[in-house]
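Chemist: I'd like to ask some things about the structure below.
Residue numbers (mature numbering (1 follows the signal peptide of the UniProt record, and there is no 0)): -21 to -1, 1 to 433.
This is the structure:
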């Protein structure tokens, strides 16, 4: 994630609450309802290399005491030359990248203002931030004057600590039952720089698309993605999607939508794969069990974990030895990181559009920061994290700074792709085509039908 600020994003720990919309899978909105009254004072950064004073944006993400984000804001960050800073009483001898980070938080209830003045080497800043309940990633990787924060990547080991043993690549990573994931090199020669994309095989009236319709859809997205994600087994979709995927050389992220009749759904999925070359063909990249079940209060975390374990055992018996995961929202994962512990990698949906303080061009920054926040609560902070839905609608009502539109959709997707530069296969864009069969609702800004990119 490339930031135009010398400071990294900060997660400010507050005691507050948040209400979240609870849509079904056909409503992918994760609406962040924010309680007003929290303000954040502007920050000052003294840059010894700066010639003039400037103002650049920074994003602040507020989380509650459980680590759940409930508010993000974008503020002006003043970059002061040392000559100007001296006149207003700020002094530093820190490097020019980050000199002072000053954060003032005023809660809605009368409490003393907490002011944190961090003096700047990345090491001392991180130490001071940790003591104050802040998480800062002050990576001094500069690109044309912009600071890059690798929030979608696993954290680097701290200085003075032994480096962990090399982690296996995803193609041969160890999975939960002790076996290893087969080398699932793409069916194409090289798709390492392409993301995945979500797809739903339904007509506008909710009926099932035919095999020929699905085949035609896949031709339209040829050479643009490495993987296609589907969500269930209804409409004989697995059997219909596999030949279409094979025709354009992409892999499939298959899904078991809910926990009802789990054995029957697994049997349907396995039968469809076996009828189209079997698991040994390498067409199946991942199989998910559930989509946003915890977020939607459709299942408890332990129920989901038990279902993932049961599905994994059945799929192993059927000859599938790839990743088995559950998918939920980043909000649900922050509250229940055990969902990732139960999965062969951490899979979650993140939609910047549902944060009213995030504009389209900052969508990538928002997504990357949520990935970083989730890493902080994982048992294994080096666990692979895959964002299984992220996109932007081109039509609908505005949500604060989040405004639908064709240009904004393009800007958001570009921003998200930039945040995943070099990690594109850990991203699934949402979604390939519009979903007119979905219900338009106010709580998703009447945008739910209009996320299609093609």
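We put the beta carbon where it would ideally sit given N, CA and C, even for glycine.
Computed from a predicted structure; not experimentally measured.
#1: Should residue 339 and residue 366 be called a contact, given that it needs their Cβ atoms to be closer than 9 Å?
#2: Does the Cβ of residue 187 lie closer than 8 Å to at least one heavy atom of the ligand NAP?
#3: Secondary structure at residue 186, three-state DSSP: helix, strand or coil?
#4: Is residue 432 helix, strand or coil when you go by DSSP?
#5: Using the Cα positions of residue 189 and residue 222, report the straight-line distance between them to the nearest angstrom.
#6: Pull the bridge partners of residue 266 from the DSSP assignment, please.
#7: Going by C-alpha distance, which of 271, 423 and 196 is nearest residue 318?
#8: Is the beta carbon of residue 409 closer than 9 Å to that of residue 279?
#9: Please classify residue 344 as buried or exposed, where buried requires at least 16 other C-beta atoms within 10 Å of its C-beta.
#10: Closest to residue 369 by C-alpha separation, out of 322, 393 and 213, would be which residue?
#11: Out of 236, 212, 254 and 202, which one is the CA nearest neighbour of residue 230?
#12: What does residue 368 pair with, by DSSP beta-bridge criteria?
#13: Is it buried or exposed for residue 375, if we count other Cβ within 10 angstroms and need 16 for buried?
#14: In three-state terms, what does DSSP make of residue 206?
#15: Taking the Cβ atom as the reference point for each residue, do residue 245 and residue 255 lie within a distance shorter than 9 Å?
#16: Between residue 200 and the rest of its own chain, which residues show a CB-CB distance below 7 Å, the 5 nearest in sequence each way excluded?
#17: State the beta-bridge partners of residue 211 as determined by DSSP.
#18: Give me whichever residues DSSP pairs with residue 409 in a beta bridge.
#19: By DSSP, does residue 378 sit in helix, in strand, or in coil?
#20: In the structure shown, what three-state DSSP assignment does residue 153 receive?
#21: DSSP three-state label for residue 423, please.
#22: Can you tell me which of the three DSSP states residue 308 falls into?
#23: To which residues of the same chain is residue 267 closer than 6 Å at the C-beta, ignoring the five residues directly before and after it?
#24: Kindly indicate which three-state DSSP category residue 339 falls into: helix, strand or coil?
#25: Going along the chain, which residues of its own chain have a beta-carbon closer than 7 Å to the beta-carbon of residue 425, five neighbours each way excluded?
#26: Can you list, in chain order, the residues of its chain whose CB lies under 7 Å from that of residue 346, leaving out five sequence neighbours each side?
#27: Tell me which same chain residues have a C-beta within less than 7 Å of the C-beta of residue 390, skipping the five on either side of it?
#28: Would you mind giving the Cβ-Cβ distance between residue 131 and residue 312, rounded to the nearest angstrom? I have them listed as a contact below 8 Å.
#29: Does the beta-carbon of residue 239 have 16 or more other beta-carbons within 10 angstroms, so that it is buried, or is it exposed?
#30: Does the Cβ-Cβ distance between residue 216 and residue 187 come in under 9 Å?
#31: Would the beta-carbon of residue 273 fall within 9 Å of that of residue 321?
#32: Identify whether residue 399 lies in helix, strand or coil by the three-state DSSP scheme.
#33: Please tell me whether residue 356 and residue 316 are closer than 9 Å, where the distance is taken between their beta carbons.
#34: Check whether the Cβ atoms of residue 387 and residue 333 sit closer than 9 Å, and answer yes or no.
#35: Of all the options 299, 248 and 294, which has the alpha carbon lying nearest to the alpha carbon of residue 260?
#36: Tell me whether residue 360 is buried or exposed, calling it buried when 16 or more other Cβ atoms sit within 10 Å of its Cβ.
Modeler: Per the coordinate set shown:
#1: For this step, residue 339 is matched to residue 360 along the chain shown. For this step, residue 366 is matched to residue 387 along the chain shown. No, Cβ-Cβ distance for residue 339 and residue 366 is not below 9 Å.
#2: This structure does not include the ligand NAP; it has no bound ligands of any sort.
#3: Sequence index remark: in the chain shown, residue 186 carries index 207 (1-based). Of the three classes helix, strand and coil, the one that applies to residue 186 here is coil, per DSSP.
#4: Here residue 432 refers to the residue found at position 453 of the chain shown. Here residue 432 sits in coil by DSSP.
#5: Counted from its first residue, the chain shown places residue 189 at position 210. Counted from its first residue, the chain shown places residue 222 at position 243. Going from the Cα of residue 189 to the Cα of residue 222 covers about 12 Å.
#6: Numbered from 1 along the chain shown, position 287 holds the residue referred to as residue 266. Per DSSP, 233 and 303.
#7: By 1-based counting over the chain shown, the position of residue 318 is 339. Of 271, 423 and 196, the residue nearest in Cα terms is 271.
#8: Locating residue 279 in the chain shown gives position 300, counting from the first residue. Locating residue 409 in the chain shown gives position 430, counting from the first residue. In this structure, residue 409 does not lie closer than 9 Å to residue 279 by Cβ.
#9: What you label residue 344 is simply residue 365 of the chain shown in a count that begins at 1. The residue in question, residue 344, is buried, as its Cβ has 16 or more Cβ neighbours within 10 Å.
#10: The residue you call residue 369 lines up with position 390 of the chain shown. Comparing Cα-Cα distances from residue 369 to each of 322, 393 and 213, the minimum goes to 393.
#11: Counted from its first residue, the chain shown places residue 230 at position 251. The shortest Cα separation from residue 230 among 236, 212, 254 and 202 belongs to 202.
#12: Stepping through the chain shown from its first residue, residue 368 is reached at position 389. In DSSP, residue 368 forms a bridge with 328.
#13: Here residue 375 corresponds to residue number 396 of the chain shown, with the count starting at 1. Looking at its Cβ environment, which holds 16 or more other Cβ atoms inside 10 Å, residue 375 is buried.
#14: Position 227 of the chain shown, counted from the start, is the residue given in the question as residue 206. If DSSP states are grouped into helix, strand and coil, residue 206 belongs with the strands.
#15: The residue you call residue 245 lines up with position 266 of the chain shown. The residue you call residue 255 lines up with position 276 of the chain shown. Not closer than 9 Å, so no.
#16: Here residue 200 is taken as the residue at index 221 of the chain shown, counted from 1. If we look at residue 200 and ignore the five residues flanking it on each side, its Cβ neighbours are 176, 411 and 433.
#17: Mapped onto the chain shown, residue 211 falls at position 232. Bridge partners of residue 211: none, in fact.
#18: Within the chain shown, the letter at position 430 stands for residue 409. BP columns for residue 409 point to 370.
#19: Reading the chain shown from its first residue, position 399 is the one you call residue 378. Residue 378: strand per DSSP, three-state reduction.
#20: Translated into the one-based positions of the chain shown, residue 153 becomes position 174. The pLDDT assigned to residue 153 is 41, lower than 50, so where the model puts this residue is not dependable, and the model offers no usable value.
#21: Indexing the chain shown from 1 puts residue 423 at position 444. Residue 423: helix per DSSP, three-state reduction.
#22: Taking the first residue of the chain shown as 1, we reach residue 308 at position 329. In this structure, residue 308 counts as strand in the three-state DSSP scheme.
#23: Here residue 267 is taken as the residue at index 288 of the chain shown, counted from 1. Within the same chain, residue 267 has close Cβ partners 234, 304 and 306.
#24: Here residue 339 is taken as the residue at index 360 of the chain shown, counted from 1. Looking at residue 339 - three-state DSSP - the assignment turns out to be helix.
#25: Stepping through the chain shown from its first residue, residue 425 is reached at position 446. So the list reads 375, 376 and 419, once near-sequence residues are dropped.
#26: Here the question's residue 346 lines up with position 367 in the chain shown. Correct list, in chain order: 329, 331, 366, 369, 395 and 398.
#27: Looking up residue 390 in the chain shown gives position 411. Here the set comprises 339 and 340.
#28: Position 152 of the chain shown holds residue 131. Position 333 of the chain shown holds residue 312. Wrong, their Cβ atoms sit about 15 Å apart, outside the cutoff.
#29: Residue numbering aside, residue 239 sits at position 260 when the chain shown is read from its first letter. With fewer than 16 other Cβ atoms within 10 Å, it is exposed.
#30: Taking the first residue of the chain shown as position 1, residue 216 is located at position 237. Taking the first residue of the chain shown as position 1, residue 187 is located at position 208. Closer than 9 Å, so yes.
#31: As a working mapping, residue 273 is identified with position 294 in the chain shown. As a working mapping, residue 321 is identified with position 342 in the chain shown. For residue 273 and residue 321, no; Cβs fall outside 9 Å.
#32: Counting from one through the chain shown, the residue named residue 399 turns up at place 420. Residue 399: coil per DSSP, three-state reduction.
#33: Locating residue 356 in the chain shown gives position 377, counting from the first residue. Locating residue 316 in the chain shown gives position 337, counting from the first residue. Cβ distance < 9 Å, so residue 356 and residue 316 count as in contact.
#34: Numbered from its first residue, the chain shown carries residue 387 at position 408. Numbered from its first residue, the chain shown carries residue 333 at position 354. Going by C-beta atoms, residue 387 is not nearer than 9 Å to residue 333.
#35: Here residue 260 is taken as the residue at index 281 of the chain shown, counted from 1. Of 299, 248 and 294, the residue nearest in Cα terms is 299.
#36: One-based indexing of the chain shown puts residue 360 at position 381. Residue 360 is exposed by the Cβ-count criterion.
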